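This report refers to the structure that appears directly beneath it.
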Amino acid sequence: REGYPLDLFGSVVAGMAIQNMWLVATELGYCCAYDALVCSDPRHAELVRDRLGIPPIWKPLTAFSLGVPERMRELGPSRPPLEGLMYEERWGNPYTRLAFRED
Numbered sequence: 041r042e043g044y045p046l047d048l049f050g051s052v053v054a055g056m057a058i059q060n061m062w063l064v065a066t067e068l069g070y071c072c073a074y075d076a077l078v079c080s081d082p083r084h085a086e087l088v089r090d091r092l093g094i095p096p097i098w099k100p101l102t103a104f105s106l107g108v109p110e111r112m113r114e115l116g117p118s119r120p121p122l123e124g125l126m127y128e129e130r131w132g133n134p135y136t137r138l139a140f141r142e143d
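Using my numbering, you'd call the opening residue of the sequence shown number 41 and step up by one each time.
Put into structure tokens, the structure is as follows:
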């Protein structure tokens, strides 16, 4: 559409679509992968268009893979606590979860 800043919103719309596809696919038991870097370089975008037969008027923004897992992923170590990664209000002021506050 004339005057519509599509380049500004294209990645946002693609992100929303990918999020919804990812949520539904996961609920149905599929595995997903997302790669924005594959299309960020115009040379790679051209290779993707050629490989997939996408017309040159289309600009690929990202790659989203969907499939059936051969085996389930093994869980890695647990995440570190938030208190060691986040600060409250200012850098260096340790974050305290609401459940642990003495207010």
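Here a beta-carbon is modelled for each residue, glycine too, at the ideal position from N, C-alpha and C. Values in this document were obtained by computation on a predicted structure and should not be read as measured data.
- Rounded to whole angstroms, Tyr135 and Gly124 show a C-alpha spacing of 8 Å.
- The alpha carbon of Leu77 has as its nearest neighbour, out of Arg113, Ser118, Met126, Ser51, the alpha carbon of Ser51.
- In this structure, Leu106 lies away from Cys79, with their beta-carbon atoms at least 8 Å apart.
- Three or more pairs of CB atoms, one per stretch, sit closer than 8 Å, so the stretch 104-120 contacts the stretch 53-73.
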